[in-house]
Every structure is written in C-alpha cells, then in structure tokens.
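One structure is given here, and the rest of the page talks about it.
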Amino acid sequence: MRYELGYPQAEKNGRGFAVLTEALSIALIARQYGRQISLEKVEKAARSENFASEKKFVSYFSDQGVRVTKKKITADGVVARPYLFPCVTTLDQLGGVVLTSYSVERESLSYVDPTNPSSGSKQLAMGELREKWGDGVWLASLTAERASLARPFDWSWFTPELMRYRWVILFVFFLSLLLHALSFTPILYLQISLDKVVGYGASATLNVLTVGVIALLIMNSLMTVGRDYAIRFIGQAIEARLLTDAFDKFLKLPAGTIYGSSTISPEKRITGGSSLRKFVTERLIANILDLSALLIFVPILFAYSAKLGALVMAFVMLQALMSYGFRRIDGERSQLVASAENSALSTLRETVAGIDIVKALSLEEKQRKSWRHEASRLIRQREDKDWIQSVAAQASNLIQQVMTVAILFFGINLVFGGDLMAGALIAVNMVAGRIIGPVKQAVGLFSELEKARQIKDEVSFIWNENPERKGFGKEIRVRGAIEFKNVSTRRDENSPGLADVCVAIRPGERVALIGAPDCGSELIMSCLVGNVRPTAGSIEIDKNALTQLSLEHYRNQVAFLGVNPRFFDGTIEGNLRRANPNISDRELEDALKMSGLGEVIDALPEGLNTLVNASASSLTAPQRIKLNLARGLAMDAAIILISRGFDGLDREAQLDFVQSHRENFGNKTLLLA
Numbered sequence: 002m003r004y005e006l007g008y009p010q011a012e013k014n015g016r017g018f019a020v021l022t023e024a025l026s027i028a029l030i031a032r033q034y035g036r037q038i039s040l041e042k043v044e045k046a047a048r049s050e051n052f053a054s055e056k057k058f059v060s061y062f063s064d065q066g067v068r069v070t071k072k073k074i075t076a077d078g079v080v081a082r083p084y085l086f087p088c089v090t091t092l093d094q095l096g097g098v099v100l101t102s103y104s105v106e107r108e109s110l111s112y113v114d115p116t117n118p119s120s121g122s123k124q125l126a127m128g129e130l131r132e133k134w135g136d137g138v139w140l141a142s143l144t145a146e147r148a149s150l151a152r153p154f155d156w157s158w159f160t161p162e163l164m165r166y167r168w169v170i171l172f173v174f175f176l177s178l179l180l181h182a183l184s185f186t187p188i189l190y191l192q193i194s195l196d197k198v199v200g201y202g203a204s205a206t207l208n209v210l211t212v213g214v215i216a217l218l219i220m221n222s223l224m225t226v227g228r229d230y231a232i233r234f235i236g237q238a239i240e241a242r243l244l245t246d247a248f249d250k251f252l253k254l255p256a257g258t259i260y261g262s263s264t265i266s267p268e269k270r271i272t273g274g275s276s277l278r279k280f281v282t283e284r285l286i287a288n289i290l291d292l293s294a295l296l297i298f299v300p301i302l303f304a305y306s307a308k309l310g311a312l313v314m315a316f317v318m319l320q321a322l323m324s325y326g327f328r329r330i331d332g333e334r335s336q337l338v339a340s341a342e343n344s345a346l347s348t349l350r351e352t353v354a355g356i357d358i359v360k361a362l363s364l365e366e367k368q369r370k371s372w373r374h375e376a377s378r379l380i381r382q383r384e385d386k387d388w389i390q391s392v393a394a395q396a397s398n399l400i401q402q403v404m405t406v407a408i409l410f411f412g413i414n415l416v417f418g419g420d421l422m423a424g425a426l427i428a429v430n431m432v433a434g435r436i437i438g439p440v441k442q443a444v445g446l447f448s449e450l451e452k453a454r455q456i457k458d459e460v461s462f463i464w465n466e467n468p469e470r471k472g473f474g475k476e477i478r479v480r481g482a483i484e485f486k487n488v489s490t491r492r493d494e495n496s497p498g499l500a501d502v503c504v505a506i507r508p509g510e511r512v513a514l515i516g517a518p519d520c521g522s523e524l525i526m527s528c529l530v531g532n533v534r535p536t537a538g539s540i541e542i543d544k545n546a547l548t549q550l551s552l553e554h555y556r557n558q559v560a561f562l563g564v565n566p567r568f569f570d571g572t573i574e575g576n577l578r579r580a581n582p583n584i585s586d587r588e589l590e591d592a593l594k595m596s597g598l599g600e601v602i603d604a605l606p607e608g609l610n611t612l613v614n615a616s617a618s619s620l621t622a623p624q625r626i627k628l629n630l631a632r633g634l635a636m637d638a639a640i641i642l643i644s645r646g647f648d649g650l651d652r653e654a655q656l657d658f659v660q661s662h663r664e665n666f667g668n669k670t671l672l673l674a
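When you line the sequence shown up against my numbering, it's residues 2 to 674, in that order.
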C-alpha cells in the first residue's frame, strides 16, 4: 500500500520532499527495532517545522527513542561496509530511501521506498547509484542502547572512549614530560660533577647534589608508578566496555550467523577486545608518551651543540629507516613460518588421526616423505627468520656504537676547540641514547598494526553484524498453531535450503517430518525457533506473523531439542531448573518420568546432584539424550520441536517416549524429525 504524502512542501526533488522521505525512512527502520513511529506522525512533525534544521531533525527522533547520526560517505564506501545496512540516504529523483543490502552478483543495491514499503525492495545498479548519490547516510539505532553499543566497531570506536578520560590523558601527558625532564637529572649530575666538582674539589657541593639527585629519582619513580596506574586504569575501563559490549552483541546475533563462522571461534572474537586494549593503551598510548621525550631531549641536545645535535638526529633517522625495513622483512618471514607450521601440523594430524587407514593402505612411506618435506621446509623458514632477526639486531647495535664513536670523535674536537666541555660531551652521548630508544619502539609499533587490524576485524564480525529481533513485538500466550506460507530459505550459493514450503499444524497435533538427513526438516525447526530467517514467505504462530512477535517471550514457550545437546557446567538439577527457574518439584518429577531420566537419576550415586560439563561427557549417549528431553519438557512449552532427538536411544526407549507423550502431553504441539 502506498502512502500518499499530504505535506504541501513535499514537491518531488525539493528539499522538503528529501527531508520528509528521509524522516519516513528512519521511521521505517525504527519500527523494525520496535519503536512505533507512524508515517502520519512523521508528516505531522514535518508540518510543524520539526525538521527545519539538522539539529531539530536529530532532536525529534531522539525524543522518539531513536538515535540518528549523519555519516559522510560515498556510495562505494557504504558497499565496502555492509554493517552500515540498513541506513538512509537521499537519491536524486527518488528522495530518501532505506538501503538494505548489496548484491555482489548483480552489482546493485537494494532499497525500500518509505512511502510504499509493502512493494518490497527494489534494485539500483551501482553506476546509477553513484549518479544519484548525495553526501552520505543516516544511521539509526535505539537510544536505549549504550552509546558504545550503537557505534559501528572500527578504529574510530575508541575515540569517544578515550575522550571520556581526556583530562586524565592530558594530565598523564604533562606528567610524562615532567618525568622525562626529571630523568635528565642523573645526566646533569654527571656533567656538573665532572666539569665543576672534580675540578674544584668541592666535596660539600657533591654531597648536596647527591642527596638532591637521589630525592628527585625517588620522586620520579613514585610519579612513574602513578602514571602507569592511570594508563592501566584507562585500559581496564576500555577493556571492560569492550568485553561486555562484545558479549551483548554476540547474544543478539542469529544462531545461523554464529554457526556459520567456523574459521575463527566466537570465543576468540569476543575476547579479542583484550588484545586491542593492550595495543591501544600499552603500545599506542605508551609509545606516544615515550615519544614525548623528544620534546625534552631534542632541545637539550641542540642546546649543547647544534652540530652534535644534527649528527645524532641523522643517526636516529638512519636507525628508524633500517628498523622499519627489517621489521617489514621479519613480518614476511613470520607469515612464511606460519604457513610452514600449518602445513606440517596438517600432515601430522592427518597421519595420527588416520593411522589405521595409513597402515591399511600401506601409506607409511608416502606419509614419511611428506612429513620430512614439510619438516625440512619449516626448519628452513625458521632459520631464515632467525637469520633476519640476528642481522637486524647486529645492525642496530652497530649503528648505535658507530653513533657513539662519531659523537666522541666530533665532540672531542669541539672540546679541543673550546666549544664544548668534557662533561657536556658525555651528557650529549647519554641524551642521544634517550632519543633513539623511543624512536625504535615507535617504529616497532608499525609492525604490530597488521596483527591489531586482524583482531579488530575479528571483533567487528560480531559487533557489526545485524542482530536478530529481540525484546520487542507482541507477547502472546502460544497455543501451538503453526502455519508456513510459501516459506523459502537459502543457506549459501550452492544450497537453496527450503523452497516454497506450505504446511498448517493445529494446536496439540503430533507431526513427524520424515526424510533424508538433509531433507530440510532441521531447517524447518530452525525457522520455527527463530534461528533462521526465511528469505521468502512467512511463518505464523496462532495467526500472528513470527516477525511481529517478541522472540524472547515466544522462545520461552518453545522447546527445541537438537541432535547434539549442550549443557551448562553444574548439576543435573541445575541444568533442568535453568530451563524453568519456577518449576515445582512435582513438575520436575513429571519431566523426569516422561523423558525416562528418572531411572537414570536413581542409578547415579549423586542423583540430581551429579555434576556434568558442557557436553555431559560423564553420561552415556542415551543418558545425555534423556537429559536433553527432560530439560525441554521442564520448560512446560506449548510447542516441542525434537530434531533427531532420539538418535542413540534404543527402540524400547523410543516406544516408551511415544507412549508417554500420548498420555501426558495434553494439548502441546509436537514436531518430530
């Protein structure tokens, strides 16, 4: 159904039309997030001049519980950042539209017209999109979320977090300058002692200087401890925010998205925030603070001697360039070593895991040759890497030693000419060491950028993925009626999934889905529990579209029992009560009886207090299945989905369960696959 604009200033291609359709598009996204902002309400706000300025535009939606931000970006930039979808932009001749996705195959962008959303998405080729593109996109999120959760995760995510502690960081920076100045004290002490105290034999002056220097060094150490504590405090605050927000983002992801990412474990993606925190605070910020030493020591160096200062800076630049070159080569060698290690481990694993096949097919000689080849390749790559590191270390030492010799050579000539004193010459040499150290560390930081970027991308996968709907929608008491209307899904390019499925199940019916393991029965159940979204068609529960229900409330009334159950570390009773914290002892006994777990509990020494781990490895396969069934039955769900849940049970146990559900399930809807 098309919404007819009544706003008098909404002429096509006019500014009023663009702003109004932008607002309608944001309202459309907001409704998907559970904020009911009607199109009539938006148009009324436009008549009241609520969108007269960008500030008023943002303020209006903020009052509606929606946070909107403008991002300057090109069309190609949006395509390169799929986590920005859905977003709103203004296109020439079209006005404001909702951009929903990008198709690599068709090289086109999908968009929705906010005045006619029921017509579905339309396609716009990239060439035409670039011609119609404006100056950026609007991003919308719920203001109920923390600001850190609402921001896309990239390097700019850290900026607001660091700005929260900007005064602490500024204080730490000036404190670092003071610490660098105090670290010059021993150098100055040595110079004065050699040039003044020794020459005049002023032992009393030496005593006073010594006490004063020791006091300053103690103060320097105490302030350094305080500075390091402040840096750690900032880092821990950022890490706490990263870990908690990443876990919240993970919980909001569809199960299909989580299971589909097999190359990197979700645990590694979530905990990657700790590594990023270390990089940002312990490496990046710490290096900046160390580099601030140049603000102190470079002027001091040139104050002693402009000629020696220029000489030292030339060696510093040479050291930096050489370190950067060797770091690049070392990084390439590290990648070759990692590749060789993976190949060697692959050969070792396939041999150990398939030793029976290796012996049965007489492949010992082939595997021996393969292992020797991979092992020798690994040894050569490691030797190349070690050789580069050795050469780099010796070259660095050589440059520093040559710099010392050069400083002494030219410095002594300056002493002979009366332009420099002996103590000052030694001070110059020590100051040079204070300059070259932070520069070497800063160059080393560049070699860690690639690894940090990889970790950032791992966290971004969880952070920037589109979440499943949760926490909004209608909350109904499920009776158990299920209807699939022309439902289709698509797993990937080579597997179409379901195709135009139509089925209607009445409340309390028992339905068996029969077919081969890959016939789609498990996919049907995944759709029913909300883990997989249909790409076409609709699913209705008690005449209500599943997309309009609160998933959290709906799932509390649906028990999904898969073929590979997972449990929580703890007791058997604790696992059962997690499914239904308010379950009574009688209801628990009924669940144990219907699932057959009661007999298992009676045979266990600890009974319900028996400890199990995530896989319940202390139980046999049939016992794990019965525990899974009992947990599902404990939910007192209106719909029970059992996907190959009987695999591993003998025929007698299966018949017992069938007889039990006939007598005790009442009006529950049961689907078996």
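All C-beta atoms in this analysis are idealised placements derived from N, C-alpha and C, irrespective of residue type, glycine included.
Segment limits, alpha helix (DSSP H) that includes residue i
i, result
"Gln-402", "365 to 417"
"Val-601", "598 to 604"
"Ala-241", "204 to 253"
"Glu-41", "40 to 48"
"Ala-624", "One point to set straight first is that residue 624 is Gln, not Ala, in the sequence displayed. 622 to 635 is the span of the alpha helix (DSSP H), which, as asked, contains Gln-624."
Closest residue to residue i among the options (Cα-Cα distance)
i, options, result
"Leu-529", "Trp-372, Leu-349, Leu-673, Phe-411", "Leu-673"
"Asp-591", "Ala-631, Leu-409, Ile-74, Ile-643", "Ala-631"
"Arg-373", "Phe-280, Ser-363, Ser-306, Thr-352", "Thr-352"
"Ala-425", "Phe-185, Ser-49, Pro-87", "Phe-185"
"Val-479", "Asn-430, Glu-541, Ser-461", "Glu-541"
"Ala-234", "Ala-247, Val-173, Phe-248, Val-214", "Here residue 234 turns out to be Phe, not Ala, going by the sequence shown. Out of Ala-247, Val-173, Phe-248, Val-214, Val-173 has the C-alpha closest to the C-alpha of Phe-234."
"Ile-747", "Ile-301, Leu-364, Ala-24", "No information on residue 747 is available, as it lies outside the stretch 2 to 674 that the chain covers here."
"Leu-296", "Leu-218, Ser-177, Gly-202", "Ser-177"
"Thr-22", "Arg-68, Gln-94, Lys-475, Gly-66", "Gln-94"
"Val-502", "Ala-423, Arg-556, Glu-366, Leu-524", "Leu-524"
"Ala-126", "Val-416, Asp-357, Gln-549, Glu-106", "Glu-106"
"Leu-217", "Ser-204, Tyr-190, Leu-244, Leu-183", "Leu-183"
"Leu-29", "Thr-160, Trp-168, Asn-117, Gly-274", "Asn-117"
"Leu-514", "Met-526, Gln-33, Arg-507", "Met-526"
Contact belief for residue i with residue j at Cβ below 8 Å, rounded distance in angstroms
i, j, result
"Ala-151", "Ala-31", "13 Å between Cβ atoms; not a contact."
"Ile-232", "Ala-287", "7 Å"
"Val-429", "Tyr-305", "5 Å"
"Arg-334", "Lys-386", "4 Å"
"Asn-610", "Thr-572", "5 Å"
"Gln-320", "Ser-397", "7 Å"
Residue i burial status per 10 Å Cβ neighbour count (16 or more: buried)
i, result
"Asn-532", "buried"
"Gln-703", "What is shown of the chain runs 2 to 674, which leaves residue 703 out entirely."
"Leu-552", "buried"
"Gly-481", "buried"
"Lys-250", "buried"
"Gly-472", "With a pLDDT of 48 at Gly-472, under the threshold of 50, the modelled position of that residue is not reliable, and the figure given next carries that caveat. Under this definition Gly-472 is an exposed residue."
"Met-636", "buried"
"Ala-443", "buried"
"Ile-380", "exposed"
"Asp-246", "buried"
"Pro-706", "Only positions 2 to 674 of the chain appear in the structure, and residue 706 is not among them; the question remains open."
"Ala-639", "buried"
"Leu-40", "buried"
"Phe-569", "exposed"
"Met-318", "exposed"
Sequence-distant residues of its chain with Cβ nearer than 7 Å to residue i (five each side left out)
i, result
"Ser-60", "none"
"Trp-158", "Arg-152"
Cβ-based neighbour list, residue i, same chain, cut-off 8 Å, excluding 5 preceding and 5 following
i, result
"Phe-298", "His-181, Phe-185, Val-432, Arg-435, Ile-436"
"Ala-407", "Leu-312, Phe-316"
"Asp-155", "Lys-457, Ser-461"
Element boundaries [beta strand (DSSP E), containing residue i]
i, result
"Gln-192", "Per DSSP, Gln-192 belongs to no beta strand (DSSP E); it is in the alpha helix (DSSP H), 186 to 193."
"Phe-561", "559 to 562"
"Tyr-103", "96 to 104"
"Tyr-166", "Careful: Tyr-166 lies outside any beta strand (DSSP E) and carries neither H nor E."
"Leu-296", "Premise fails: Leu-296 lies in the alpha helix (DSSP H), 294 to 305, not in any beta strand (DSSP E)."
6 Å Cβ shell around residue i - same chain, five flanking residues per side excluded
i, result
"Ala-238", "none"
"Ile-643", "Leu-562, Leu-673"
"Ser-448", "Arg-328, Gly-332"
"Val-361", "The question names Val, but residue 361 in the sequence shown is Ala. Excluding positions up to five away in sequence, the list is empty."
"Glu-375", "Ser-344, Ala-345, Thr-348"
"Leu-290", "Ser-177"
Closer than 7 Å to chain B by CB, residue i
i, result
"Thr-101", "Note that chain B does not occur in the displayed structure, where there is just one protein chain."
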